[in-house]
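> One structure, pasted below without further comment.
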Amino acid sequence: MRIILLGSPGAGKGTQAKFLCEHYCIPQISTGDMLRAAVQANSPLGQQVQAIMASGALVPDEVIIKLVKQRILEQDCQQGFLLDGFPRTLPQAQALMDAGISLDAVIEIRVADEIIIQRLSGRRVHLTSGRVYHQDFHPSRIPGRDDETGEPLIQRIDDQADTVRHRLDVYHQQTTPLLKFYADLAAEQVAASPQFFSIDGNQAVEQVRATLLQLLGD
Ligand code: ADP
Ligand code: ADP
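Taking the working numbering, I'd label the letters of the sequence shown as residues 51 to 268.
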């Protein structure tokens, strides 16, 4: 199974990715998590992208395309993978196609901007695993601690309200054109085209999960 999850920042991609990856036994390729790990490690890549990420802008296409292409070549991706946060621009989507990487399904999770602000202000993350919580909607068992490791959760600096608004603008300008790109591709009904679905993400986590599993099939 090769899946792309699309949707604005805070739509619930990471949350649902964890379920789907466990269900289909495929790795989650979250470009955001990969970049945050690089920043944490203070690697050359991390140093290059730190300020860009903090501002809510996108990292240059060539940097991210190289990172994803390398990741997909790894052994654990042979049976499939889920892309969370990539592609985010038309050149990124085109690069996937040009590399001959076929896909089964592209799914948009739709959530209104007003709800996004609420979701991201309460988001807490476990940096090492990428597990995501929400103070009110999806709390960890012990406040401020990851359920599996007990390690502290953090609030991302790009989840502050002003930066979130900027990220939403960036999403509307640079990423929403991908919805038409994949819808058109699916409509061509060529054998290799992925299916395209758009689902309502303004439902409870469990409900969104059930809808996804229903669409993708067991
Ligand atoms: P969210 O899902 O909340 O939007 P991510 O964790 O996916 O956030 O991304 C955080 C930041 O990492 C983005 O704002 C951007 O700076 C960078 N980033 C992640 N994925 C990409 C990508 N595919 N292209 C460019 N920048 C990216
Ligand atoms: P994305 O990866 O698309 O940026 P996340 O999965 O990190 O989004 O979710 C953003 C925030 O919203 C997190 O705090 C998460 O716990 C919460 N969340 C995710 N899905 C839902 C939902 N269906 N209802 C309410 N809150 C949700």
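Backbone N, C-alpha and C define an ideal beta-carbon position, used for all residues, glycine too. Only a predicted model underlies this, so the values are computations on that prediction, with no experimental measurement involved.
Rank I115, V255, D163 by C-alpha distance to the C-alpha of G135 and give the top, closest one.
I115
> As a quick exercise: from Q245, T225, V255, pick the residue whose alpha carbon is nearest that of V182.
V255
> Would you say A241 and V161 are within 8 Å of each other, going by their C-beta atoms?
no
> I want to check one thing, is the minimum distance from the CB of Y221 to the heavy atoms of ligand 2 below 7 Å?
no
> Apart from the five residues just before and just after V99, which ones in its own chain have a Cβ nearer than 6 Å to its Cβ?
Excluding residues within five positions, the ones whose Cβ falls inside 6 Å are L85, V109.
> Does S152 come out as helix, strand or coil in the three-state DSSP assignment?
coil
> In or out: G150 buried (at least 16 other Cβ within 10 Å) or exposed?
So G150 counts as exposed.
> Would you kindly report the start and end of the unbroken alpha helix (DSSP H) that includes S105?
94 to 105
> Do the segment 194 to 212 and the segment 172 to 181 touch if we need at least three Cβ pairs shorter than 8 Å?
Cβ pair count under 8 Å is three or more, so yes.
> With 16 as the cutoff for other CB atoms within 10 Å, does D219 come out buried or exposed?
exposed
> Which residues does DSSP list as the beta-bridge partners of F247?
I157
> Please name the residue, chosen from S80, P59, D148, A104, that lies closest to Q131 on a Cα-to-Cα basis.
One detail in the question is off: residue 131 reads as Phe in this sequence, not Gln. Ranking S80, P59, D148, A104 by Cα distance to F131 puts S80 first.
> Using a Cβ-Cβ cut-off of 6 Å (strictly less than) and excluding sequence neighbours within five positions of L235, which residues of its own chain qualify?
S243
> With a threshold of 7 Å (Cβ to nearest heavy atom), would R169 be considered close to ligand 2?
yes
> With a cut-off of 8 Å, do at least 3 Cβ pairs link the segment 156 to 176 to the segment 214 to 234?
yes
> Any chance the CB of Y232 is under 7 Å from a heavy atom of ligand 2?
No - ligand 2 has no heavy atom lying nearer than 7 Å to the Cβ of Y232.
> Going by the C-beta, is Q90 closer than 7 Å to any heavy atom of ligand 2?
no
> Skipping 5 residues on each side, what residues in its chain have a beta carbon closer than 6 Å to that of V89?
G96, Q100
> For R174, does the count of other Cβ atoms within 10 angstroms reach 16, so buried, or fall short, so exposed?
The residue in question, R174, is buried, as its Cβ has 16 or more Cβ neighbours within 10 Å.
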